[in-house]
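So the sequences go chain by chain: S and Z. Sequential numbering of the first sequence, starting at 1, is according to our numbering. Sequential numbering of the second sequence, starting at 1001, is according to our numbering. The block underneath contains the structure these notes are about, expressed in structure tokens.
There are 2 protein chains.
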Amino acid sequence: MIIGVLGPKGTYSEKAAEQWIEKTGRKGEDVLEYCADIQDVFSLLEKDGCDIGVVPLENSIEGSVGITLDRLMENDVQIIGETIVTVEHCLLSRGKKEDIKVILSHPQGLGQCRQFLKEQFPAAELRTTGSTSHAAKLATEFEEMAAIASPETADMYDLNIVMSNIQDRRYNHTRFITITKKDTGQKFIKQLQGNDPECSYKTSIIVYLDRDRPGALYNILGEFANSNINLTRIESRPSKKVLGDYVFYIDFKGNISDAIIKDALYNIEPKVGMLKMLGSYSEFDSYCESN
Amino acid sequence: MIIGVLGPKGTYSEKAAEQWIEKTGRKGEDVLEYCADIQDVFSLLEKDGCDIGVVPLENSIEGSVGITLDRLMENDVQIIGETIVTVEHCLLSRGKKEDIKVILSHPQGLGQCRQFLKEQFPAAELRTTGSTSHAAKLATEFEEMAAIASPETADMYDLNIVMSNIQDRRYNHTRFITITKKDTGQKFIKQLQGNDPECSYKTSIIVYLDRDRPGALYNILGEFANSNINLTRIESRPSKKVLGDYVFYIDFKGNISDAIIKDALYNIEPKVGMLKMLGSYSEFDSYCESN
């Protein structure tokens, strides 16, 4: 199987893909295809350049990854899995701390280290890159450049770890999702997860509420609450039509094949302007032993 | 009065401050104090370097401004007003389109033009700055540099408008909020808005729900729904403690001095882990004629 991830070698998304491969017991069977940015992972999937993509969805310090949410809305993809990666950002450079004038990273990397950058490098020029490892690769050019990336990329790109654990909170985790094209999703889920009823599943949907129906969100959440379905996340994102108009990304426990979930979604559908199913998948840390 | 805004001259936040000054009928009485970034506006307010700050909160294409949400949570400020600014990003440079190798802007500016940048300048180096006008100022240095900023900054910094209206959607608006220190907020509200019952008010709060209480968000929304209080926005942000743990930013119509709002908040308080009042303020476009 070909798995599209952020490249070049050394991204957290590659780490997520490897974690996921290991969880699903497929080690050695897959090939990684490196993409320049998150959007390219979705594009590669769309044109069948890969079977599966692994992209970041949310981080415990900096929150949602907007471009991933937007592509989930616009592309015809299905979420078939999730992985959580521990993020430990380092400042990597060929030079010394006092040489550093330019700092590069993915926008999420810069955001997760915002306080650090403001305190330690208030005058540094900040550059955004498609990935943290691309930042590391670029930082090899000049001693005055540094990248915010994982400690592993230091060796890969022959850079020094100038400072370690530089994110604004010690605890830093990113949730990645594994995606496929909608028409192939079901096949992969069967192949990778089996259909073990012991697995704990999660389902992700997007809903658009009509603005002129006050209480619409409350009514939807009511369908979940009344069926004792546990919401794990609710996130709003602009509909991009008018300011103040949103779509909601909702994650909850359970599988679309469960009668209780099916019923809840059946009740919700007529109450919303749009409902998009993103998929049901094994919760992180609940992959069944059989895999 | 001293009003802290993003600087240098030419930011959308300056435009927001001017719009707000005009709405409140104070033209000519205030002095703007330019700050390097959003965090500095909050810091200036904290150390009494300004009476009021104006900062961006959300954009119709790129969504919430994370750093503003975080500061609202951590600093002791009160929201006393809001303004909506039409954003029309241009690509500004001393050079021609074919010369451009480096593009600078505030992270929100880069995000709002993500598609444009990917299609038109796939190889350009992207740099983040504290504001769009700071990007324009820096872009004066070399012909190969361009800034994403407002058309007005072209004249201010003697740059050419290389391309106009480059954001990914034609419709592009940013909502700014006016903030004060909590202890001075009430004074300013009285001074600036009077207490006209004809004004349409909005209230903003932050709530933290205990994770082990499923349905907690539903119960809170129920308090609003049962009192026919109209929610205008609900946004989640990581609590920064553990992945999957969030605080919710909720905006609704009404004033904290209304009995119905007071009652709803009174009922909500025991159901949440934390409730922070951010303030009640005149809705944009509902400033009373008397002002």
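All residues carry an ideal CB built from backbone N, CA and C; glycine is no exception. It should be emphasised that the depicted structure is a prediction, and the values quoted were computed from it without experimental measurement.
Next on the checklist: Is it the case that the region 1163–1170 of chain Z contacts the region 1022–1034 of chain Z, given that we only count it when at least three CB pairs across the two stretches are under 8 angstroms?
Outcome noted: No: the two stretches stay apart, fewer than three of their Cβ pairs being nearer than 8 angstroms.
Next on the checklist: Since Z/Ile1161 and Z/Leu1092 should fall inside the 8 angstroms C-beta cutoff, what is the C-beta to C-beta distance between them, to a whole number of angstroms?
Outcome noted: Indeed they touch by this definition, with Cβ atoms about 6 angstroms apart.
Next on the checklist: Just verifying my parser: in three-state terms, what is the DSSP assignment at S/Gln108?
Outcome noted: S/Gln108: helix per DSSP, three-state reduction.
Checklist entry - According to the neighbour-count rule (16 or more other Cβ atoms, all chains shown, within 10 Å of its Cβ), is Z/Gln1191 buried or exposed? => result Z/Gln1191 should be labelled exposed.
Checklist entry - From Z/Ala1259 to Z/Glu1223, what does the alpha carbon distance come to, in whole angstroms? => result Z/Ala1259 and Z/Glu1223 have their C-alpha atoms spaced approximately 14 angstroms apart.
Checklist entry - So S/Lys253 packs on S/Lys202, CB below 8 angstroms; how close in whole Å? => result Yes, they are in contact, since the Cβ atoms of S/Lys253 and S/Lys202 sit about 6 angstroms apart, within 8 angstroms.
Next on the checklist: Within a Cβ cutoff of 7 angstroms, which residues of the same chain sit near S/Asn230, ignoring the five residues on either side of it in sequence?
Outcome noted: Here S/Asn230 has Phe252, Lys253 as same chain residues with Cβ atoms under 7 angstroms from its own Cβ, once five neighbours each way along the sequence are excluded.
Checklist entry - Taking Cβ positions, are S/Arg237 and S/Leu69 nearer each other than 8 angstroms? => result Less than 8 angstroms separates the beta-carbon of S/Arg237 from that of S/Leu69.
Item to check | Unbroken stretches of the beta strand (DSSP E), 3 residues or longer, contained in the region 1225–1291 of chain Z | outcome: Under the rule that a run must span 3 or more residues, the beta strand (DSSP E) segments found entirely inside the region 1225–1291 of chain Z read 1231–1238, 1246–1253, 1274–1282.
Checklist entry - For S/Val85, which option in S/Gly95, S/Asn59, S/Asp99 has the closest C-alpha, if you only look at C-alpha atoms? => result Distance check between S/Val85 and each of S/Gly95, S/Asn59, S/Asp99 places S/Asn59 closest, using alpha-carbon atoms only.
Checklist entry - When the Cα atoms are used, what is the spatial distance from S/Val77 to S/Gly185? => result Here the alpha carbons of S/Gly185 and S/Val77 stand approximately 8 angstroms from one another.
Next on the checklist: Tell me the rounded alpha-carbon separation between S/Glu82 and S/Lys15.
Outcome noted: Their Cα atoms are separated by approximately 13 angstroms.
Item to check | Sequence-distant residues of its chain with Cβ nearer than 7 angstroms to S/Ile220 (five each side left out) | outcome: Cβ neighbours of S/Ile220 beyond the five flanking positions: Val207, Ile268, Lys271, Val272.
Checklist entry - Between the C-alpha atoms of Z/Met1156 and Z/Gly1010, what's the straight-line distance to the nearest angstrom? => result Looking at the two C-alpha atoms, the distance is approximately 7 angstroms.
Item to check | Cross-chain neighbours of S/His173 in chain Z, by beta carbon under 7 angstroms | outcome: The contacting residues are Leu1243.
Checklist entry - CA-CA distance, Z/Ile1079 and Z/Glu1022? => result Looking at the two C-alpha atoms, the distance is approximately 18 angstroms.
Checklist entry - Helix or strand or just coil, what does DSSP make of Z/Gly1081? => result Residue state, collapsed to three classes: strand.
Checklist entry - Z/Ile1256: buried (16+ other C-beta within 10 angstroms of its C-beta) or exposed? => result Around the CB of Z/Ile1256, fewer than 16 other CB atoms lie within 10 Å, so the residue is classed as exposed.
Checklist entry - For the alpha helix (DSSP H) that Z/Gly1066 lies in, which residues bound it at each end? => result Note, Z/Gly1066: alpha helix (DSSP H), 1066–1074.
Checklist entry - Beta carbon of S/Ser131, beta carbon of S/Asp37: below 8 angstroms? => result Their beta carbons are under 8 angstroms apart, which means S/Ser131 touches S/Asp37 by this criterion.
Item to check | DSSP state of S/Phe142 mapped onto helix, strand, coil | outcome: DSSP places S/Phe142 in coil when its eight states are reduced to three.
Item to check | Below-8 angstroms beta-carbon distance, S/Ala16 vs any chain Z residue | outcome: Chain Z places no beta carbon closer than 8 angstroms to that of S/Ala16, leaving this residue out of the contacts.
Next on the checklist: Could you check whether the Cβ of S/Tyr218 sits closer than 8 angstroms to any Cβ belonging to chain Z?
Outcome noted: For S/Tyr218, the nearest CB of chain Z lies under 8 angstroms from its own CB, placing it at the interface with that chain.
Item to check | Selection of the region 20–50 of chain S by Cβ proximity to chain Z, strictly under 7 angstroms | outcome: Answer set for the region 20–50 of chain S: Gln39.
Next on the checklist: On a Cα-Cα basis, can you pick out the residue from Z/Gly1025, Z/Phe1176, Z/Phe1284, Z/Ala1135 that is closest to Z/Arg1094?
Outcome noted: Of the listed residues, the one whose Cα sits closest to Z/Arg1094 is Z/Ala1135.
Next on the checklist: I want to verify the contact list: residues of chain Z whose CB lies under 8 angstroms from the CB of S/Thr232, in sequence order.
Outcome noted: Those are Gly1244, listed as they occur along chain Z.
Next on the checklist: For Z/Leu1044, tell me which candidate among Z/Asn1075, Z/Val1065, Z/Glu1062 has the shortest Cα-Cα distance.
Outcome noted: When each option's Cα is compared against that of Z/Leu1044, the closest is Z/Asn1075.
Item to check | Members of the region 1108–1132 of chain Z that neighbour chain S once the beta carbon cut-off is set at 9 angstroms | outcome: Listed by position, the residues of the region 1108–1132 of chain Z near chain S (Cβ gap below 9 angstroms) are Leu1110, Gly1111, Arg1114, Gln1115, Lys1118, Pro1122, Glu1125, Leu1126, Arg1127, Thr1128, Thr1129.
Checklist entry - Taking any Cβ of chain S, which residues in the region 1131–1158 of chain Z have a Cβ under 7 angstroms from it, in chain order? => result Against chain S - using a Cβ distance shorter than 7 angstroms - the region 1131–1158 of chain Z contributes no residues.
Next on the checklist: Give me the chain Z residues within the contact set of S/Lys202, using Cβ-Cβ distance strictly less than 7 angstroms, ordered along the chain.
Outcome noted: By Cβ distance, chain Z contributes nothing, its closest Cβ being about 11 angstroms from S/Lys202, past 7 angstroms.
Checklist entry - Residues in its own chain within less than 6 angstroms of Z/Thr1153 by CB, not counting five upstream and five downstream? => result The beta carbon of Z/Thr1153 is closer than 6 angstroms to those of Gly1010, Ser1133, Ala1136 in its chain, skipping five residues each way along the sequence.
Next on the checklist: Does the CB of Z/Ala1292 have a neighbour CB from chain S at under 8 angstroms?
Outcome noted: Nothing about residue 1292 of chain Z can be reported from this structure: the residues present for chain Z run from 1001 to 1291 only.
Checklist entry - Any C-beta of chain Z sitting closer than 8 angstroms to the C-beta of S/Ser60? => result S/Ser60 counts as touching chain Z.
Checklist entry - Span of the beta strand (DSSP E) holding Z/Arg1175? => result Unbroken beta strand (DSSP E) run through Z/Arg1175: 1173–1181.
Checklist entry - Who are the neighbours of Z/Glu1283 on chain S, taking C-beta pairs under 7 angstroms? => result Residues of chain S passing the Cβ test: none, with the nearest at roughly 11 angstroms.
Checklist entry - Under the DSSP definition of a beta bridge, which residues are partnered with Z/Asn1059? => result Secondary-structure assignment with DSSP links Z/Asn1059 through a beta bridge to Z/Gly1063, Z/Thr1174.
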